[in-house]
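Worksheet for the structure shown next.
In UniProt numbering, the protein residues as written are 1 to 251.
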């Protein structure tokens with residue numbers, strides 16, 4: 001639900017906690033939701049916002065954010081949790097996309113402190129079973145933190161793709177397990193087996209991270225017996241290959 005005030009300012013569940021009466025700046029998101037906040041908090045975490053405020057008009061400015069891919073109300077709400085020192089709620093489902101959007105926002109506005117805090121939360125959320133190993137790997141490369149990605153690989157264990165619907169025929173089940181028959185995720189494959197990813201998930205991995213993952217997993221994942229796969233060895237090989245790909249002269 002979205003509420004409209006007499007001043008035609010919209011707010012929703014993401015912005016409801018950020019409607020301060022003594023605000024001195026309003027953020028309007030790409031999906032037309034407003035956050036009435038304090039400029040100090042933006043300036044404290046972002047060099048870009050600090051520069052924008054320095055050349056602004058002063059009191060009651062409005063910042064219009066237009067990038068629909070990551071400047072939406074949900075992402076801005078998460079960002080402001082950090083700005084105001086609030087605890088960011090753990091993911092309700094094992095989903096990394098909202099946090100990739102937050103990372104993109106922080107990269108654009110140069111917020112290294114927020115990124116460092118988010119990295120620590122990823123470890124915490126994994127331990128609390130709010131993220132799966134593949135989420136951790138994806139957020140590791142999104143944050144450009146190899147150790148986080150390696151942590152995800154190390155803990156890959158028995159995580160595998162499964163049917164999202166029980167209402168499918170036996171023929172469809174058989175097809176979904178054949179990596180040459182589908183471009184969706186391959187049922188029964190490890191969630192960190194690159195040959196079992198969807199085309200889009202595979203394409204999203206940057207080449208400098210994708211190549212080490214392909215090389216490190218090649219011939220080592222025991223389909224049907226994932227518990228016997230040595231993920232620690234795969235993680236070590238990934239780290240070594242990653243360093244070579246990225247120009248570490250010690251390798």
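Where a beta carbon is used, it is the ideal one built from N, C-alpha and C, also for glycine. Note that the coordinates shown come from a computational prediction; the quantities given were computed from them, not determined experimentally.
*Assigned exposure category for residue 16 - 16 Cβ within 10 Å defines buried*: exposed
*Report back the beta-carbon spacing between residue 99 and residue 139 to the nearest angstrom; my notes put them in contact at under 8 Å.*
6 Å
_Helix, strand or coil at residue 64 [DSSP, three-state]_ = Three-state DSSP puts residue 64 in a strand.
*Near residue 165, which residues of its chain fall below 7 Å by C-beta distance, leaving aside the five closest residues on each side in sequence?*
Low local confidence applies: a pLDDT of 48 at residue 165 is under 50, so the model's placement there is unreliable, with the coordinate-based value given in what follows. The beta carbon of residue 165 sits closer than 7 Å to no other beta carbon from its chain once the five residues preceding and following it are set aside.
_Closest to residue 75 by C-alpha separation, out of 229, 48, 32, 154, would be which residue?_
32
*Note down, one range per segment and in chain order, each alpha helix (DSSP H) of at least 4 residues found wholly within the segment 110-169.*
Within the segment 110-169, the alpha helix (DSSP H) runs of at least 4 residues that lie entirely inside it are, in chain order, 112-127, 133-142, 146-154.
*Just checking my contact of residue 48 with residue 37 at CB under 8 Å: how many whole Å lie between their CB atoms?*
That pair is no contact at about 16 Å.
_Beta carbon of residue 267 nearer than 8 Å to that of residue 143_ = Residue coverage of the chain in this structure runs from 1 to 251, which leaves residue 267 outside it and unanswerable.
*Give the secondary structure of residue 217 by DSSP, where H, G and I count as helix, E and B as strand, and everything else as coil.*
helix
*Secondary structure at residue 186, three-state DSSP: helix, strand or coil?*
coil
*asked:* By alpha-carbon positions, which one of 197, 186, 91, 230 ends up nearest to residue 122?
replied: 91
*Stretch-stretch touch, CB-based, cutoff 8 Å, three pairs: the segment 185-198 with the segment 110-122*: no
*asked:* Give the list of continuous beta strand (DSSP E) stretches no shorter than 3 residues that lie fully inside the segment 82-107.
replied: none
*For residue 35, three-class secondary structure by DSSP*: strand
*Look at the alpha carbon of residue 39 and the alpha carbon of residue 106, and state the distance between them as a whole number of angstroms.*
16 Å
*Kindly identify the DSSP beta-bridge partner or partners of residue 241.*
Under DSSP, no beta-bridge partner is assigned to residue 241.
*Nearest to residue 85 by alpha carbon, out of 216, 41, 228, 133?*
Answer by Cα proximity: 41.
*Ordered along the chain, which non-local residues of its own chain (more than five positions away) have a Cβ less than 7 Å from that of residue 162?*
187
*Indicate whether residue 271 and residue 30 have their beta-carbon atoms separated by less than 8 Å.*
Residue 271 lies beyond the residue range present for the chain, which begins at 1 and ends at 251; the question has no answer from this structure.
*Can you check DSSP and say which residues form a bridge with residue 26?*
Per DSSP, 36, 62.
*Any idea if residue 222 is buried or exposed, counting beta-carbon neighbours within 10 angstroms, 16 or more meaning buried?*
exposed
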